[in-house]
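Q: Have a look at the structure that comes next, please.
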Amino acid sequence: MNLTPLLEAHWINAILPELVLCIGGMFLILFDAFAPKARSLTGPIAVVIFILCAWSQRFVAVGTFFGGTYEVGGITRVFDITFVLAGILCTLLSADYLEREGITGGEFYALLMWGTVGMMMMAKGLDLLIIILGLELLSICIFVLLGFQRRLPVSNEASLKYFLMGAFATGFILYGTALFYGATESTNINVMARWFANPDVTITPLLTVAFVLLMAGFGFKLALAPFHPWAPDVYQGAPTPVAGWLSVAPKAATLIALIRIFHAMGPVLPQTKWMTIVAWLAVLSMIIGNSVAIAQRDLKRMLAYSGIAQVGYMTIAMLTINEDAVASIAIYTIVYALMNLGAFGVISMLAKNQNDPQTLDDIAGLGWRRPFHALALAVCMFSLSGLPPTGGFVSKFYIFRTAVQSGHTGIALIGIITSIASVYYYLRVVYYLYMKESAEGQTRIDGGIFATGALAISIIGIFLIGIWPTPLFHAASYAAHLLLAR
Amino acid sequence: MTHTFIPVLIMLIVALGVGVVILSLNRVVGRHQRNPSKAAPYESGVPLLDTNRKRVNVRFYQIAMLFILFDIEAAFLYPWAVIYRDASHGNAGMFLFGEMLVFILLLGVGYVYVWKKKAFDWK
Amino acid sequence: MIPTHYFLILSAILFTIGVCGVLTRRNGITIFMSIELMVNAVNLTFLAYARQFHQLHGMIFVFFVMAIAAAEAAVGLAIFLSLFHHRETIDVDEANLMHW
Numbered sequence: 201m202n203l204t205p206l207l208e209a210h211w212i213n214a215i216l217p218e219l220v221l222c223i224g225g226m227f228l229i230l231f232d233a234f235a236p237k238a239r240s241l242t243g244p245i246a247v248v249i250f251i252l253c254a255w256s257q258r259f260v261a262v263g264t265f266f267g268g269t270y271e272v273g274g275i276t277r278v279f280d281i282t283f284v285l286a287g288i289l290c291t292l293l294s295a296d297y298l299e300r301e302g303i304t305g306g307e308f309y310a311l312l313m314w315g316t317v318g319m320m321m322m323a324k325g326l327d328l329l330i331i332i333l334g335l336e337l338l339s340i341c342i343f344v345l346l347g348f349q350r351r352l353p354v355s356n357e358a359s360l361k362y363f364l365m366g367a368f369a370t371g372f373i374l375y376g377t378a379l380f381y382g383a384t385e386s387t388n389i390n391v392m393a394r395w396f397a398n399p400d401v402t403i404t405p406l407l408t409v410a411f412v413l414l415m416a417g418f419g420f421k422l423a424l425a426p427f428h429p430w431a432p433d434v435y436q437g438a439p440t441p442v443a444g445w446l447s448v449a450p451k452a453a454t455l456i457a458l459i460r461i462f463h464a465m466g467p468v469l470p471q472t473k474w475m476t477i478v479a480w481l482a483v484l485s486m487i488i489g490n491s492v493a494i495a496q497r498d499l500k501r502m503l504a505y506s507g508i509a510q511v512g513y514m515t516i517a518m519l520t521i522n523e524d525a526v527a528s529i530a531i532y533t534i535v536y537a538l539m540n541l542g543a544f545g546v547i548s549m550l551a552k553n554q555n556d557p558q559t560l561d562d563i564a565g566l567g568w569r570r571p572f573h574a575l576a577l578a579v580c581m582f583s584l585s586g587l588p589p590t591g592g593f594v595s596k597f598y599i600f601r602t603a604v605q606s607g608h609t610g611i612a613l614i615g616i617i618t619s620i621a622s623v624y625y626y627l628r629v630v631y632y633l634y635m636k637e638s639a640e641g642q643t644r645i646d647g648g649i650f651a652t653g654a655l656a657i658s659i660i661g662i663f664l665i666g667i668w669p670t671p672l673f674h675a676a677s678y679a680a681h682l683l684l685a686r
Numbered sequence: 035m036t037h038t039f040i041p042v043l044i045m046l047i048v049a050l051g052v053g054v055v056i057l058s059l060n061r062v063v064g065r066h067q068r069n070p071s072k073a074a075p076y077e078s079g080v081p082l083l084d085t086n087r088k089r090v091n092v093r094f095y096q097i098a099m100l101f102i103l104f105d106i107e108a109a110f111l112y113p114w115a116v117i118y119r120d121a122s123h124g125n126a127g128m129f130l131f132g133e134m135l136v137f138i139l140l141l142g143v144g145y146v147y148v149w150k151k152k153a154f155d156w157k
Numbered sequence: 002m003i004p005t006h007y008f009l010i011l012s013a014i015l016f017t018i019g020v021c022g023v024l025t026r027r028n029g030i031t032i033f034m035s036i037e038l039m040v041n042a043v044n045l046t047f048l049a050y051a052r053q054f055h056q057l058h059g060m061i062f063v064f065f066v067m068a069i070a071a072a073e074a075a076v077g078l079a080i081f082l083s084l085f086h087h088r089e090t091i092d093v094d095e096a097n098l099m100h101w
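Protein chains in written order, with my numbering: chain A, 201 to 686; chain B, 35 to 157; chain C, 2 to 101.
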């Protein structure tokens, strides 16, 4: 038996970013355990490790590794940027947040890093086993991160709800995978693609069941409409920077994994109703997300419903997998990371008992008290509602253009209409910021240097992509071309 | 092939029958007296010291949690141990050994962490 | 040799029992046990197919699924402990600080 082909040349370069994050996380927990007095240093160290990880992307080798189970390419690099960006922003926001709440710990950042590794595995996995392992690594880190404020009942409750629902969803994903394995005799996505490309293949009802199970599981992780009820509760109870991170990064990772799976199924999709199911999920998400968000006064719950709608927009582009679709999803996730983490960042600075909801009244009149933070929140809201010249406009434009070009005009129209309706609740936040008198006993905004830096990154990024998106779009298109060329 | 199981079936029926007969005989013929020692869980045993519906100390759960983790990781050692001798010649041997070394190292990091966090302390 | 579809039917039944358990039970630990039942039904499916195809693929998958389930169990136990610490109960209906 010869095992050497398991390790291709340059395998260490292929997983260099993951290695940096894994070792960095282990260093952080040991640092925390051995030097509890120097705990406040863990935040800055975590930022350094994330930057190191971003820098290590330069040395990444492109190709297929570990016996055809791990594919590193242009598109995975684009998504790695999203993951690392979300990680850095969340770390910066948490550094101040955890300090204020008195729960600083190296474990927090370590879990963030390992979760990022899980997402990278999901993006690069060419085998359903790797994708599921990545998903679970991510999920387990999220369970703990959500409950990180142990003393707060709401944090614990968020953790409990996500745990039960997440484990339930994992069961569905696993069963779907098992049934696909039974049909295609492999869990490798390339082998499955070859099986689906066979013209004689018949789609049994069992395969449809498998697909539905898979979509139910992934739909949960994405917070798509019929599987969304956990989202508002979990976001409300979670430590705010974690909620921001959770609303962004895992969705990006799940989307890229689904892109791979849908692409492999490509040849049989025209003769099945599978994409109709996905289309319904998207439509329901957009309608439910946007309409319920209007009724919310709690900012985190509002952003949760807005997130449900936003992931609905992204799902529209998944209906037909082509280069433009993949590129627009990649850009959307980057922009979404910037604007959503920016919005959650401002909310995380509201210095009040975290067990109480953060409502619109807390930010009333903020524009005159803390101009920069209010501006950051306003920019994020403009971007989320898709107004030019922000990145949100560009990314939404790409999504809807792709959908129309692939012939999903009706769904794109629903998307555009609901997105216009969403402007109301996004701009209501801006209205409260500038037009409302601040109430008595107003909530203090408590932003340190790190969190303010994170907001600055968000604003700059949103405008940069909004005004000058072409290079990014070209890069993403080229990366998507390489992904789909097989 | 099925007929080989017929003795088992007969065995089952006989066992069931004996059980039913003895129990119902007991019911019909025996005298029924109620007293506290009859209701005790061990009629002729030592007197009970305490109830069994007590709250278990939370530290047991902590240890149980850690046990589950390290226990399942040990399951990964078995396939490795089974193939190690047959597969290890030349490069493959070093590769396999290195893999397991990395695995144990990762577990070691976790172990050192819980140790330093005093999760094993019993006080 | 026992036909593969016997195993598949058994695992489908087990999976369904697990799903019903999750949907009807209110005790957190029982819900988690039902989820474990679902996961083990999946394992059975994988093993049945792996035996039919004479492959190792499915068996390796089962190994990792077991590890995943164990990790989830450990984290879950910690979450339930924390819940009990706050509420003196692990009934999930009591976890209602935020309405659904």
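Ideal placement from N, C-alpha and C gives every residue a C-beta, glycine not left out.
(1) Quick one: which chain B residues come within Cβ less than 8 Å of M67 of chain C?
(2) Using 8 Å as the cut-off, can you tell me whether the stretch 321 to 333 of chain A makes contact with the stretch 354 to 367 of chain A, which would need three or more C-beta pairs spanning the two stretches below that distance?
(3) Between E89 of chain C and chain A, is any beta-carbon pair separated by less than 9 Å?
(4) Using a Cβ-Cβ cut-off of less than 7 Å, list which residues of the stretch 335 to 346 of chain A approach chain C; keep chain order.
(5) Going along chain C in order, which residues have a C-beta closer than 7 Å to the C-beta of I102 of chain B?
(6) Let me know if V434 of chain A comes out buried or exposed under the rule of 16 or more other beta-carbons within 10 Å of its beta-carbon.
(7) Pull out every residue of the stretch 227 to 248 of chain A whose Cβ sits closer than 7 Å to any Cβ of chain B, in chain order.
(8) DSSP three-state label for E385 of chain A, please.
(9) Can you find a CB in chain A that lies within less than 9 Å of the CB of T46 of chain C?
(10) Output yes if chain B places a C-beta closer than 9 Å to the C-beta of F64 of chain C; else output no.
(11) Spell out whether any CB of chain B is found under 9 Å from the CB atom of L84 of chain C.
(12) Mind listing the chain A neighbours of G59 of chain C? Cutoff is C-beta to C-beta under 7 Å, in chain order.
(13) Can you tell me whether Q471 of chain A is buried or exposed, with buried defined as 16 or more other CB within 10 angstroms of its CB?
(14) The stretch 308 to 339 of chain A: which residues have C-beta closer than 7 Å to a C-beta of chain C, in chain order?
(15) Pick from A:G263, A:R239, A:I531, A:P236: whose alpha carbon is nearest that of G592 of chain A?
(16) Please identify the residue among A:S240, A:N540, A:T440, A:M514 whose C-alpha is closest to the C-alpha of K552 of chain A.
(17) With H, G and I counted as helix, E and B as strand and the rest as coil, what does DSSP make of I487 of chain A?
(18) Taking the continuous alpha helix (DSSP H) assigned at Y631 of chain A, which residues delimit it?
(19) Run down chain B in chain order and give the residues with a C-beta less than 7 Å from the C-beta of A51 of chain C.
(20) Who are A551 of chain A's beta bridge partners in DSSP?
(21) Going by C-alpha distance, which of A:M415, A:Q349, A:Q496 is nearest Y624 of chain A?
(22) Please report whether the beta-carbon of V92 of chain B lies at a distance below 9 Å from any beta-carbon of chain C.
(23) Using the Cβ count rule (16 or more neighbours within 10 Å means buried), how would you classify A73 of chain B?
(24) My guess is that A214 of chain A and V260 of chain A are in contact by the Cβ rule of under 8 Å, so how many angstroms apart are they, rounded?
(25) Rounded to a whole number of angstroms, what is the C-alpha to C-alpha distance between V61 of chain B and M45 of chain B?
(26) By alpha-carbon positions, which one of A:A438, A:P588, A:V448, A:S294 ends up nearest to P557 of chain A?
(27) When burial is assigned at 16 or more other CB atoms within 10 Å of the CB, is S71 of chain B buried or exposed?
(28) Which residue from A:E218, A:I332, A:T609 puts its Cα closest to that of S256 of chain A?
(29) Taking G466 of chain A as the reference, give the member of A:A685, A:H210, A:K237, A:S240 with the closest Cα.
(30) Anyone know if the C-beta pair for T264 of chain A and I456 of chain A falls short of 9 Å?
(31) Straight-line CA distance for A578 of chain A to D92 of chain C?
(32) Which residues in the same chain as N202 of chain A place their Cβ atom closer than 6 Å to its Cβ, once the five residues preceding and following it in sequence are excluded?
(33) Just tell me which of A:P405, A:M549, A:I620 has its CA closest to the CA of S583 of chain A.
(34) Can you name, in chain order, every residue of its own chain whose Cβ lies under 6 Å from the Cβ of H562 of chain A, other than the five neighbours on each side?
(35) When you compare only the Cα positions, how much space is there between I667 of chain A and Y270 of chain A?
(36) Among the residues of its own chain, which have a CB less than 7 Å from the CB of Q96 of chain B, if the five just before and after it don't count?
A: In short:
(1) One-based indexing of the third sequence puts residue 67 of chain C at position 66. Residues of chain B passing the Cβ test: I106, A109.
(2) no
(3) Here residue 89 of chain C corresponds to residue number 88 of the third sequence, with the count starting at 1. No, no contact with chain A.
(4) E336, I340, F343, V344
(5) Along the second sequence, read from residue 1 onward, the residue named residue 102 of chain B stands at position 68. Within 7 Å Cβ-Cβ: A71, A74, A75.
(6) Translated into the one-based positions of the first sequence, residue 434 of chain A becomes position 234. Answer is buried; the Cβ neighbour count reaches 16.
(7) I229, L230, A233, F234
(8) Reading the first sequence from its first residue, position 185 is the one you call residue 385 of chain A. Coil.
(9) Taking the third sequence and counting its residues from 1, one reaches residue 46 of chain C at position 45. Yes, because at least one Cβ of chain A sits closer than 9 Å to the Cβ of T46 of chain C.
(10) As a working note, residue 64 of chain C is residue 63 in the third sequence. True, the Cβ-Cβ gap to chain B drops below 9 Å.
(11) The residue you call residue 84 of chain C lines up with position 83 of the third sequence. No, no contact with chain B.
(12) Translated into the one-based positions of the third sequence, residue 59 of chain C becomes position 58. Within 7 Å Cβ-Cβ: Y381.
(13) Here residue 471 of chain A corresponds to residue number 271 of the first sequence, with the count starting at 1. By the 10 Å Cβ count, Q471 of chain A comes out exposed.
(14) L329, L333, E336
(15) Against the first sequence, residue 592 of chain A aligns to sequence position 392. Among A:G263, A:R239, A:I531, A:P236, the Cα nearest to that of G592 of chain A belongs to A:I531.
(16) For this step, residue 552 of chain A is matched to residue 352 along the first sequence. It is A:T440 whose Cα lies nearest to the Cα of K552 of chain A.
(17) Within the first sequence, the letter at position 287 stands for residue 487 of chain A. Helix.
(18) If you number the first sequence from 1, residue 631 of chain A lands on position 431. Start and end: 609 to 635.
(19) Position 50 of the third sequence, counted from the start, is the residue given in the question as residue 51 of chain C. Neighbours of A51 of chain C on chain B: none; closest Cβ ~14 Å, over 7 Å.
(20) As a working mapping, residue 551 of chain A is identified with position 351 in the first sequence. For A551 of chain A, which the question treats as bridged, DSSP gives the partners A:R644.
(21) Locating residue 624 of chain A in the first sequence gives position 424, where the first residue counts as 1. Nearest option by C-alpha distance: A:Q496.
(22) As a first step, residue 92 of chain B must be located in the second sequence, where it is residue number 58. V92 of chain B counts as touching chain C.
(23) What you label residue 73 of chain B is simply residue 39 of the second sequence in a count that begins at 1. Exposed, by the Cβ-count rule.
(24) As a position in the first sequence, residue 214 of chain A is number 14, starting the count at 1. As a position in the first sequence, residue 260 of chain A is number 60, starting the count at 1. Going by Cβ atoms, the distance from A214 of chain A to V260 of chain A rounds to 7 Å, so yes, they are a contact pair.
(25) Sequence index remark: in the second sequence, residue 61 of chain B carries index 27 (1-based). Sequence index remark: in the second sequence, residue 45 of chain B carries index 11 (1-based). This sequence places Arg at residue 61 of chain B; Val is not what is there. Approximately 24 Å between the Cα atoms of the pair.
(26) The residue given as residue 557 of chain A occupies position 357 in the first sequence. Selected option, being the one with the closest Cα: A:A438.
(27) Counted from its first residue, the second sequence places residue 71 of chain B at position 37. The residue in question, S71 of chain B, is exposed, as its Cβ has fewer than 16 Cβ neighbours within 10 Å.
(28) Counting from one through the first sequence, the residue named residue 256 of chain A turns up at place 56. For the residues A:E218, A:I332, A:T609, the minimum Cα distance to S256 of chain A belongs to A:E218.
(29) In the first sequence, counting from the first residue as 1, residue 466 of chain A sits at position 266. For the residues A:A685, A:H210, A:K237, A:S240, the minimum Cα distance to G466 of chain A belongs to A:A685.
(30) The sequence position of residue 264 of chain A within the first sequence is 64, counting from 1. The sequence position of residue 456 of chain A within the first sequence is 256, counting from 1. No, the pair does not count as a contact, with Cβ atoms beyond the cut-off.
(31) As a working note, residue 578 of chain A is residue 378 in the first sequence. As a working note, residue 92 of chain C is residue 91 in the third sequence. If you take the alpha carbons of A578 of chain A and D92 of chain C, they lie about 41 Å apart.
(32) Position 2 of the first sequence, counted from the start, is the residue given in the question as residue 202 of chain A. Because N202 of chain A sits at a pLDDT of 49, beneath the cut-off of 50, its placement in the model cannot be relied upon, and the following sentence gives the value as read from the coordinates. There are no such residues.
(33) By one-based count along the first sequence, residue 583 of chain A stands at place 383. Comparing Cα positions, the closest option is A:I620.
(34) The residue you call residue 562 of chain A lines up with position 362 of the first sequence. The question names His, yet the displayed sequence has Asp at residue 562 of chain A. Answer for D562 of chain A: L550, T643, listed in chain order.
(35) One-based indexing of the first sequence puts residue 667 of chain A at position 467. One-based indexing of the first sequence puts residue 270 of chain A at position 70. The straight-line gap from Cα to Cα measures roughly 35 Å.
(36) Translated into positions along the second sequence, residue 96 of chain B becomes position 62. Closer than 7 Å at Cβ, skipping near neighbours: A153.
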